[in-house]
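Heads up: the structure comes next, in structure tokens.
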Amino acid sequence: MNAFSAALVQEKHTGPARELIAFAVGQQEFCIDVMAVREIRGWTPATVLPHSQSYVRGVINLRGAVLPIIDLAVRLGFPPVDAMGRHVIIVVKVRSQVVGLLVDAVSDILTVTDAEMLPPPDVASDMAKHFVCGLLGMDGRMISILSVENVLPEREDGEAA
Amino acid sequence: MDSLRQIFFQECEEQLAELESGLLEIEGGSEDPEIVNAVFRAVHSIKGGAGAFALEDLVRFAHVFETVLDEVRKGRLSTASPVTETLLRAADVLADLVRVARDGGNVNEERIHTAADELAALSGAPIGANAEPEEEVSFEDFGFTPVAMDFPVFDDIAVVDTASVEAEAEPDATTYTITFRPHPSLYTNANEPVVLLRELSRLGDAQIVCDTSTIPTLEELEAEGSYLAWTITLATTHEEDDVRAIFEFVDGDCDLEITTGDLASGNDEPVGVDDDIAALLARVRGEFTDTATESASPAVSDTDIAHAGGSASVDNAAVAAIVVANIEAEAAKPTPEAAKAPAPAKAEKAAGSDAPSTNQTIRVDLDRVDRLMNLVGELVINQAMLSQRLTDAGLARDSEFATGLDEFEQLTHDIQEGVMAIRAQPVKSVFQRMPRLVREVAAITGKKVRLVTEGEDTEVDKTVIERLADPLTHMIRNAIDHGLETPDKRLAAGKREEGLVRLSASHRSGRIVIDIADDGAGINRQRVRAIAEEKGLIQPNAQLTDEEVDNLIFLPGFSTASTVSDISGRGVGMDVVKKSIQALGGRVSITSRPGEGSTFTLSLPLTLAVLYGMVVTVAEQTLVVPLTSIVETLKPKAGDIHGFGGDSRVISMRNNFLPLIDVGRELGYRSQPADPGAGVALLVESDGGAHSALMVDAIQGQRQIVIKSLEENYGRVPGVAAATILGDGRVALILDVDAIVAASRSGASTSETAFALAG
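One line per chain: the protein sequences are A and B, in this order. Position one of the first sequence corresponds to residue 1 (this note's numbering), numbered consecutively onward. Position one of the second sequence corresponds to residue 1001 (this note's numbering), numbered consecutively onward.
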């Protein structure tokens, strides 16, 4: 179905196509650019970081590197979930920083063109303003495009250090 | 170009180090001509490289410097102490110039001029005269038009005239006949004879003749062979060294003959004239005394026979056939070609060249080593994980698994050591900077100081070395400024006028130990005490042992210098030293005896990539406490723990009350204080030598851990120094003991604000 809709999309709109990876967080669908994604892996218990923001789950070992895990549910303003085996970590790289995003499940790969992306509506929610940079309407679903950079934790020491 | 520049500056560093150590040896009374040669070569290489990058200031100064060293090399200038002092100062200036060329910034013009003047005074020539040749070879466009190379037929002789006009031979121009026959390796190394010939023709009027006689028939012709040779007749006012300098980068990749005089008179048989050369050498030696003063006439100053006795100035007409073939590119390799050397000079050069042949080395990008290091770190973790899994599965007792595992562990360990060894460097690179510092500080304070260094070959990780320079600089300054007495006081105390500072390094039980010892007055404990009391660092009636008094100088804000000098004495010295050493996982200690001097001892880990840590559990989290900060561990009795104020607790130990820090609360793992009776206390030493006790739930054991950065992907976490990965594959945090202790001191206020926010 998805492949079909993607093909349809391609037909309807010309222009550069982008691939987005869609996932579910707290009953809603979100997506990010597939180019930012390094890998997708299952949940493993994280080591809690002291004095961290509530949405920072902790750090895990990613083949020798220390990978901070962001609980996207908390980050996007949903109630926290008990992470279990079925949860998924999407490992993304933004600039030189590698971070894991904890999501409920990964659903699709979408191919869309810029023309299909709609600007986010003006709503009061902080989440919408800060994290969502666009919307996609697709077969009656609404998928929010996340700005990965804004999802990352603010660095306490800053890059200036 | 940038990478070439980088390589040039790297090489400059090495040359400067060689220069300084060579000069110091000369100062120490060594008369080995090889050292003089090495020093000369160092300056010459810097000059050559700087020329290629058009660093004119550097070239100009290096040239003056080189001229003086040449005099020394030729034995015309003795290396008595005032001369070596000037040379050392010049080396410092040269190092400054290199640094400015690399990093930008300003040069102290005055200093350069003073040094240049001093040098010029030594070489006995006015500076103008020295600087002049440099102007001529500077890299401006001289209106040169490219040479038209013309090869009508191969067995013909192609005559190429430089486009430069029929330069009337200048009055005192010398005619050199240069035979240049590239080896295939010259082309392999991406050199281009045309460029060299073009450079040559810039020096004067050049007649270039290409010798195509060795070109084989087409079937035999190797595409990558070298068949052409050139004979250049060059009329120039430049000295032979300048001519030779053009070929500097193709040393060893070509046969090069430079003769003075006309082609006709000697070119045909330059190789068969051993007797003539011997005769000439004899003449050169004989004439040496007469000619030394005639500096106006063109001189044949052959660098390679310099230590044979001197140079000579030879009449224009005389045929001086001094032949030097195959100047080795790397002097360290006296190649077999030495055997077919046409002149005695050659043999001598081969025998005397860079005698201590250095080990072969390669330059490796530090990134690659770091990547390898990371991989090895992962290997270590994986090995630990595997062994833990086998144990969990109950297989570790099976002898086959057990042996396999043991061997794997051994291999991993060996690989780890091997990679560490790649990163290890001798401390020499830091120690080498110290003589200059000592000279400068001695000059400012008016004290006489001799620096003795020992154990320069002791190796330690590169990152440790890099971060060692600042504390060492500080401590040496302190040793001279505060430790040593003035010459009068020393004489009065019956000591030698010259103070001694000894800097030594050695390996001791897996750590590197660096001692900085002076033979000065020792720490004046009464004064230290008085100052500490005055500054409110200790209570007036505090009972302190000598050792404790000595350690007061490490307290922030302590300074014994009554006047603030620009060397030391801002009162930030020793506590900064201690901090930076502790940041490296090291310790500083002092021993001091009144009247006999003080010794500062630094003890540092050999690497920053791994550390020994105690693995502990706090509120079900696994943490690692660096072993270096743990003094002892104990299981406290409930009776030893006392409440102190609303929230704090102290533990009594050997008649002393120490703050008891609940790590779990400090890190926010739990809000209620843990039951002290159920836990373990780690007695730790933190900033300023203060002791405190850290409460943890249990100790799991000690092990070597690989340090992983948290900041790379996340950022700084208060109270946490870094992370590591344990055998079960999980991340454990490494505790920053100093930060935890500091946070607990100011902790009351933070918890209050927390309450305020909650309420």
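Using N, Cα and C, we set each Cβ at its ideal position, and we do this for glycine too. All values reported here derive from a predicted model rather than from experimental measurement.
| Asked | Found |
| --- | --- |
| Please list the partners that B:A1732 has in chain A, where partner means a Cβ-to-Cβ separation under 8 angstroms. | T47 |
| Between which two residues does the alpha helix (DSSP H) carrying B:L1379 extend? | L1366 to D1392 |
| Roughly how many whole angstroms lie between the Cα atoms of B:R1474 and B:S1598? | According to the sequence displayed, residue 1474 of chain B carries His and not Arg. About 15 angstroms. |
| So, does the CB of A:S52 fall closer than 8 angstroms to a CB anywhere in chain B? | yes |
| Examine the Cβ distances between the region 1525-1535 of chain B and the region 1499-1506 of chain B and report whether three or more of them are shorter than 8 angstroms. | no |
| Just confirm the distance between the C-beta atoms of B:A1424 and B:E1459, as a whole number of angstroms; I'd bet it's less than 8 angstroms. | 4 angstroms |
| Which residue marks the beginning of the alpha helix (DSSP H) containing A:N61, and which one marks its end? | Per DSSP, A:N61 belongs to no alpha helix (DSSP H); it is in the beta strand (DSSP E), V56 to L62. |
| DSSP on B:P1673, reduced to helix/strand/coil? | coil |
| Which residues in the same chain have their Cβ closer than 7 angstroms to the Cβ of B:K1462, if we skip the five residues on either side of it in sequence? | R1423 and Q1425 |
| Would you say B:K1579 lies against chain A (beta-carbon separation less than 8 angstroms)? | no |
| Taking C-beta pairs closer than 7 angstroms, name the residues in chain A that B:I1661 reaches, listed in chain order. | Going along chain A, no residue has its Cβ under 7 angstroms from B:I1661, so there is no contact; the nearest lies around 14 angstroms. |
| Looking only at its own chain, which residues have a Cβ that is under 6 angstroms from the Cβ of A:A160, when we skip the five neighbours before and after it? | Its pLDDT being 33, under 50, A:A160 is placed unreliably in this model, and the coordinates cannot settle the point. |
| Under the assumption that B:A1743 contacts B:E1666 (Cβ atoms under 8 angstroms), give the Cβ distance between them as a whole number of angstroms. | 6 angstroms |
| How is B:H1474 classed by DSSP in three states: helix, strand or coil? | helix |
| Mind checking whether B:S1648 and B:V1684 have CB atoms under 8 angstroms apart? | no |
| Is the Cβ of A:V91 closer than 8 angstroms to any Cβ of chain B? | no |
| Under 7 angstroms Cβ-Cβ, which residues of chain B neighbour A:G64? | N1374, G1377, E1378, I1381 and I1725 |
| For the ligand NAD, is there any heavy atom lying closer than 7 angstroms to the beta carbon of B:L1604? | This structure does not include the ligand NAD; it has no bound ligands of any sort. |
| What does the Cβ neighbour count give for B:Q1015, buried or exposed, with the cut at 16 atoms within 10 Å? | buried |
| Taking 8 angstroms as the CB-CB cut-off, is B:S1603 touching chain A? | no |
| Looking at the secondary structure, which residues open and close the beta strand (DSSP E) in which B:D1251 lies? | Here B:D1251 belongs to no beta strand (DSSP E), and DSSP marks it neither H nor E. |
| Let me see if you follow: with CB-CB separation under 8 angstroms, is A:L102 close to chain B or not? | no |
| Could you name the residues of chain A that B:L1710 contacts, counting a contact when the two beta carbons are closer than 9 angstroms? | L49, V59, V66 and P68 |
| Quick check: what's the CA-CA separation for B:F1249 versus B:P1594? | 58 angstroms |
| Check whether the Cβ of B:Q1621 lies closer than 8 angstroms to any Cβ atom in chain A. | yes |
| Buried or exposed, going by whether 16 or more other CB atoms sit within 10 Å of the CB of B:I1661? | buried |
| Please report whether the beta-carbon of B:L1411 lies at a distance below 8 angstroms from any beta-carbon of chain A. | no |
| Taking one C-beta from the region 1715-1727 of chain B and one from the region 49-63 of chain A each time, how about it: are there three or more such pairs within less than 8 angstroms? | yes |
| Rounded to whole angstroms, what is the Cα-Cα separation between B:A1325 and B:D1253? | Only weak support exists for where B:A1325 lies, its pLDDT of 35 falling under 50; the value from the coordinates is given anyway. Computed Cα separation, rounded: 10 angstroms. |
| Ends of the alpha helix (DSSP H) at B:Q1425? | Where B:Q1425 is concerned, there is no enclosing alpha helix (DSSP H), although the beta strand (DSSP E) it sits in stretches over A1424 to P1426. |
| Which same chain residues end up closer than 8 angstroms to B:E1761 when comparing Cβ atoms and leaving out the 5 residues on each side of it in sequence? | The displayed coordinates of chain B run from 1001 to 1759. Any statement about residue 1761 of chain B would go beyond what the structure contains. |
| Any C-beta of chain A within less than 9 angstroms: which residues of the region 1088-1118 of chain B qualify? | none |
| Quick check on the DSSP output: the alpha helix (DSSP H) that includes B:T1084 runs from which residue to which? | S1081 to D1103 |
| Mind checking B:F942: buried by the 16 CB within 10 Å criterion, or exposed? | The structure shown has nothing for residue 942 of chain B, since chain B only spans 1001 to 1759. |
| Could you tell me if B:R1371 is buried or exposed, where buried requires 16 or more neighbouring beta carbons within 10 angstroms of its beta carbon? | exposed |
| Counting contacts by CB-CB distance shorter than 8 angstroms, is A:V98 in contact with chain B? | yes |
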